[in-house]
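Encoded as structure tokens, the structure appears first; notes follow it.
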Amino acid sequence: MDTPKELQYFFERGIKVTILDTTLVSTGDNKLDYTINNILINFLSYIADKERDKIQCRVIEGLKNTKDNGIKLGRPTRSLPKEFNKHYSK
Numbered sequence: 001m002d003t004p005k006e007l008q009y010f011f012e013r014g015i016k017v018t019i020l021d022t023t024l025v026s027t028g029d030n031k032l033d034y035t036i037n038n039i040l041i042n043f044l045s046y047i048a049d050k051e052r053d054k055i056q057c058r059v060i061e062g063l064k065n066t067k068d069n070g071i072k073l074g075r076p077t078r079s080l081p082k083e084f085n086k087h088y089s090k
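Quick note: the sequence shown, position 42, residue 42 per full-length UniProt numbering, numbers continuous.
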């Protein structure tokens with residue numbers, strides 16, 4: 001969870017951070033706002049990290065299943081023309 005550390009870096013330097021598509025709390029009390037928003041950001045960061053971990057696991061499982069089923073991924077190999085080495089060495 002690097003997001004809270006990065007946000008702390010900005011807050012310590014007096015840089016105002018605006019997070020789009022997220023409603024943060026504004027009570028008028030700066031200390032209370034900071035505390036509530038910090039908890040909210042930590043919570044949302046935790047959820048995002050867990051979701052990323054789940055996606056990674058699903059991708060790894062899918063690739064393993066693909067390999068187990070004998071399906072090859074990627075571009076097919078091609079043989080080079082006979083004249084390739086002659087022209088390539090120039």
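Ideal placement from N, C-alpha and C gives every residue a C-beta, glycine not left out.
Contact annotation, L20 with I41: C-beta distance approximately 13 Å; criterion of less than 8 Å not satisfied.
The three-state reading of DSSP puts T27 in coil, since its state is none of H, G, I, E or B. One thing to note: V25 has its Cβ within 7 Å of the Cβ of I36.
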